[in-house]
Amino acid sequence: MKNVLKFLTFSLLFALITTSCSDDKDDVLPPVVSLGDYENGIIVSAEGGPASISFISNDFSVTENNVYENVNGEAPGVYLQSIGFNDDKGYIVSDNVNIINVVNRYTFENEGAVTAGLQTPRYIDFANGKGYVSNWGDGTDANDDFIAVINLATNAVETTIPVGEGPERVLANNGKIYVSHKGGWGNNNIVSVIDVSTNAVATITVGDVPDELFFNSAGELVVLSEGKAAWTGDETAASISKIDVSTNTVVETLTFANGEHPGQMAFDNGTIYYVLNNGVYEMPETAAALPTAAVIDLGAINTYGLAVSNENIYVTDAKDFFSAGDLLVYSIDSGNLVDTFVVGVNASKIYFN
Amino acid sequence: MKQGLFIGFFWCFCCAAWAQTSLDSLQQLDEVLLKADRYLKTFSNTQSVNVLKDSVVTRSTASLTNLLNYNSGIYFKENGLGMVSSPSFRGTTAQQTAVTWNGININSQFNGQTDFNTINIRSFNDISVRSGGGSVLYGSGAIGGSIHLNNNLTFNGGFENSLYANYGSFNTVDVGYTSRFSSDRLSVDVAISRIQSDNDYTYVNSEKENLNGAFYNQSLAANVGYKINSKNSLKLYSYVFDGERHFSLIFPTETPTKYQDVNSRTMLEWLGLYQRFTSTLKLAYLTEKYKYFPNINKELHTFGEAKTLLGKYNLEYKLLENATLQGVVDVTHTKGESSSVNKTNRTISGFSLLFKQQLKNFLYEATLRQEVTNNYESPLLYSLGLQYKLGKHYTVNVNGSKNFRIPTYNDLYWEGSGNTNLKPETAYQVEFGQELLFKHITFKATGFYNDITDMIRWLPTGSLWRPINTDHVVTYGLESQLKINVNLNAHKLSFGGHYAYTVSENQETKKQLIYVPKHKGSAMFNYQYKRASLYYQALFVGEVFTLSDNNPRYMIDAYTVSNLGAEYALGKAQQFVLGVQAKNIFNEDYQSVADRFMPGIHYNFYLNFNF
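The structure is reproduced here in structure tokens:
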């Protein structure tokens, strides 16, 4: 309703301006029409329960929690895993609910949903006019994991592509879909490469428990593998691998010291950021060795999410996992805490809209 | 199959024993009751013990959750009707309420708690609620209080049968059959019960339906007592429970899951009364098994299985005419294994000393217990209770105790995460109770204060979630109970009510624990005229927080649920009772757990036939 009013106001304003100034139309730029309340800001998704989405405007002047619920009158599932953005749409992936709610990314009005054919969906990315969603299947079943291919016009699962256990992040690049296999309920050590024209799957072996991945300036795929934790009884080292995607081979591996298991990784402006033991580390994408000292000490928080944009590092603190979390904003330059916003319960993903 | 065989043998034994008993000895003797849990009588004088009557049980649905929700101050967090249900007794956690079966602690070895929807109340003939600390007597978890499921054996009761059948909304069938035979030396008691429900109610004010909520459970209890001679008697208790629940969904697109429980308990007890000595030897074997199917359509599941062998010897010595001393030695050996816990054995030995003396109007009881195990450091547990009777109508009780909740199998041995350095959670408790007792009115009120430290919580340490001793919680409040009975010629009126005020505060954050209401009350009015009765039950649960920061946005609203029932007794001895109930008559739209909506108005019919 709010948005309808807004639209009407803008239309009226636009009409007024265009009519009243019809004489000197050359001098007047058409006004910037807002695409919605949630444009030009930071979107923080929280797993819950209750799951929720928060918005913070880029200038930090406007904040709103429970965006999805405020707009649509109902909560976005219980277990909000991630959001994917494509054109003017946002795809809200709720893993335990086996659903992806499709919204207008600027208004967050629900425009449909993928309700069939998913099982524990995790992440979505887009290529070839289609959505590619990683699915764990049954947690206890190592052999039923798949990528669901979504027809974006009908929101139906068009086909599924079987992959190895625990497909996690999905990244589309140049006609290929790259999937890190964190392992779901188990552990895995591969990256799947799907050719979207044939749906053929190739795999690349990387370090154990690969999670975040991105393309660096040189066009190499960079993957953070957290390594198997000590409790598995088979602890392995964490690493950052660089993959030449023309040959699908690992060309460089930076290995962490034994016992070090970095959590989140982000990439911005030629710099790699990751979190290890509540310290934020940064390194140039070309660095041949891992940094030895953290640039930011996050203190005693439960770091749950990391993102970097322009001059700031954004980190979510999940607190005790049973209360509202915080979004902490650190300045890259000074390393100081610039701002703190209260966000949702188990806030985990940070997006720039 | 094994259980089937066991039951077969059991019946053979019973029949053989029956045949040996001469039937003419049945007549003319007073009924004698052998209590399964003697501590409830002997060492619970300075605390409140509330025995739930048969009539109350008849009017309740089969789950222990429902029975206690309407008849005690205990709060229940129920994940939808019939689903996982955990108590908060005096503001404590689910692991801080002990459930005992004929005196033996039966909380799960894996998670340390009892799911109150996996207990069918029709298998027991005495269900009691004991408020406050009792770890010396009942072990781990007896912090907020304890629930006692007992099968008392009657002698000289003849042959009695009781049939209960209930059919209601959502295709719910609840049946129970109890058969008892007792002579002066032999007592046999068998109870079979089953409940099943489609549990597919539609939500109040919504088109939505409770999906995937079907459940059933069945239990068999068989108990035998045999008086060998005037001094010695043997009792054999046995119980098997088998249940399956489909866990209800919040969203229709969720993957449906199911959960199965199979529990069995057997205990042999030898009771000897030798002048000043009373000797009790108990040998018990308990098994618990669960399977969780994350997808109802697949065979894949996770599981847990624990077997516990327990031996307990209790020697009671009448020191003076008014004073008794008891020494207890027990050994509990558990073998447990689950999808996430490697096969692990644990042995706990315990030594207790109990003393009680009655001096005119003054009674005091003192207890001590030390457990020894190689798993963790076990604290010395104790209690001291004083009772003073001021005249005929007024009694004052003071009780102080130290209690604990031991780390569970999951806490200690969870693959990779288990923390073998855990300490038990410990609680210091004081309570002050007053009781007014008149012919028609009983009023009890108890103020309590609990200081609980080293609460075990799972927290991430790096990428790994591990249990650690962290929280410090103080709970305090008031429990009260009022009973009124008035008879005016053929008109009988009765009222029973409970009210509990509870503060349960994390000492670091100063916030109320989630899912602990400050106010909880229940009431029952009954009006009986000759063969007809009309009754009204009400439950009030105050608002609860669902987030630890006590964010008011995510509070669950308070709710009041009212039930109305009517009964009519037929037959010469009014042995045939027909009843009808309408539940949630005001169609309250409520949830016990966030997004887990409970049913609106629904109905059931029942009959209870004693023959």
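For the protein sequence lines, the chains are E and A, in the order given.
The first sequence begins at 1 in the UniProt record's numbering and counts up one residue at a time.
The second sequence begins at 1 in the UniProt record's numbering and counts up one residue at a time.
We put the beta carbon where it would ideally sit given N, CA and C, even for glycine.
Proximal residues of chain A, C-beta to C-beta of residue i below 8 Å
i, result
"I99/E", "F251, T253"
"G279/E", "Under the 8 Å cutoff, chain A gives no residues; its nearest Cβ is about 12 Å from G279/E."
"Q81/E", "By Cβ distance, chain A contributes nothing, its closest Cβ being about 14 Å from Q81/E, past 8 Å."
Of the residues the options, the one placed nearest residue i, counting alpha carbons only
i, options, result
"E109/E", "A75/E, G263/E, I147/E", "A75/E"
"F116/A", "A427/A, L34/A, F351/A, V99/A", "V99/A"
"N102/A", "N125/A, T58/A, T114/A", "N125/A"
"N489/A", "Q528/A, L478/A, I452/A, T470/A", "Q528/A"
"D88/E", "V345/E, N40/E, T203/E", "N40/E"
"N584/A", "R38/A, D54/A, Y70/A", "Y70/A"
"S62/E", "N72/E, A51/E, E47/E, I42/E", "Note that residue 62/E is Val in the sequence shown, not Ser. Ranking N72/E, A51/E, E47/E, I42/E by Cα distance to V62/E puts I42/E first."
"M455/A", "E31/A, N403/A, Y292/A", "N403/A"
"Q575/A", "F432/A, I601/A, F609/A, V84/A", "F609/A"
"P467/A", "L283/A, F362/A, I406/A", "I406/A"
"D411/A", "T344/A, V474/A, G400/A, L354/A", "T344/A"
"Y501/A", "I514/A, G542/A, K389/A, T46/A", "G542/A"
"T446/A", "L482/A, K231/A, F159/A, L67/A", "L482/A"
"F611/A", "S494/A, E160/A, Q357/A, Y216/A", "E160/A"
Euclidean distance between Cα positions of residue i and residue j
i, j, result
"I56/E", "V342/E", "10 Å"
"E415/A", "G112/A", "17 Å"
"G112/E", "E207/A", "20 Å"
"A200/E", "P210/E", "21 Å"
"A214/A", "F605/A", "20 Å"
"C21/E", "V33/E", "In this predicted model, C21/E has a pLDDT of only 42, less than 50, meaning its place in the structure is not dependable; the value taken from the coordinates is given anyway. About 18 Å."
"residue 617/A", "A538/A", "Absent from the model: residue 617/A. The displayed extent of chain A is 1 to 611, so no value can be given."
"Y201/A", "N171/A", "10 Å"
"G497/A", "K444/A", "11 Å"
"Y449/A", "Y75/A", "17 Å"
"Y351/E", "N248/E", "28 Å"
"G227/E", "E168/E", "15 Å"
"S25/A", "L34/A", "Low per-residue confidence applies at S25/A: pLDDT is 41, beneath 50, and the placement is therefore not dependable, though the value from the model is reported in the following sentence. About 18 Å."
"S52/E", "V102/E", "15 Å"
"F214/E", "F267/E", "7 Å"
"G145/A", "G132/A", "4 Å"
"A230/E", "S340/A", "15 Å"
Residues of its chain near residue i, where Cβ-Cβ distance is below 8 Å and the 5 sequence neighbours each way are ignored
i, result
"L23/A", "Residue placement at L23/A is poorly supported in this model, since its pLDDT is 42, which falls under 50; the coordinates still yield a value, given next. The answer, listed in chain order, is S183."
"G117/E", "A148, A156, V157, T160"
"F85/E", "Y91, R105, Y351, N353"
Partner residues on chain B for residue i, Cβ-Cβ distance less than 8 Å
i, result
"N551/A", "No chain B is present in this structure, whose protein chains are E and A."
Contacts of residue i in chain A (Cβ-Cβ under 9 Å)
i, result
"V343/E", "The contacting residues do not exist; V343/E stays about 12 Å from chain A at best."
"N302/E", "L459, P460"
"Q119/E", "T255, N295"
Chain-ordered chain E contacts of residue i [CB-CB under 7 Å]
i, result
"I514/A", "F322"
"P294/A", "D138, G139, T140"
"Y554/A", "P50"
Per-residue contacts from residue i into chain A (C-beta, under 7 Å)
i, result
"P291/E", "Simply none; closest approach about 19 Å."
"C77/E", "Reading off the sequence shown, one finds Gly at residue 77/E, where the question assumed Cys. Those are F251, listed as they occur along chain A."
"T255/E", "What T255/E touches in chain A: nothing, since even the nearest Cβ is about 17 Å away."
"T115/E", "T253"
"residue 355/E", "Only positions 1 to 353 of chain E appear in the structure, and residue 355/E is not among them; the question remains open."
Other residues of its chain near residue i: CB distance less than 6 Å, five sequence neighbours each side excluded
i, result
"K289/A", "V262, E305"
"L234/A", "Y226, W270"
"R194/A", "V175, Q218"
"V328/A", "N314, S352"
"G137/E", "Q119, D144, D145"
"A347/E", "V44, A46, T316, G325"
"Y499/A", "S480, G521"
"S140/A", "R405, I406"
Contacts that residue i makes with chain E (C-beta to C-beta distance below 8 Å)
i, result
"A594/A", "G49, P50"
"L547/A", "F322, S323, A324, V345"
Spatial neighbours of residue i in its chain, beta-carbon cut-off 7 Å, leaving aside the 5 residues before and after
i, result
"A62/A", "N120, I121, R122, D174, S193, I195"
Quick one: which residues of the segment 171–200 of chain E get their C-beta closer than 8 Å to a C-beta of chain A? List them in chain order. Residues passing the 8 Å Cβ filter: none.
Short of 8 Å Cβ to Cβ, which residues in the segment 396–427 of chain A face chain E? Within the segment 396–427 of chain A, the qualifying residues are E415, G416, S417.
In chain order, what residues of the segment 221–243 of chain E put their CB closer than 8 Å to some CB of chain A? Of all residues in the segment 221–243 of chain E, E226, A229, A230, W231, T232, G233 have a Cβ within less than 8 Å of some Cβ in chain A.
Return the residues of the segment 294–328 of chain A that lie within a Cβ-Cβ distance of less than 9 Å from chain E, sorted by chain order. Residues P294, N295, K298, L300, H301, T302.
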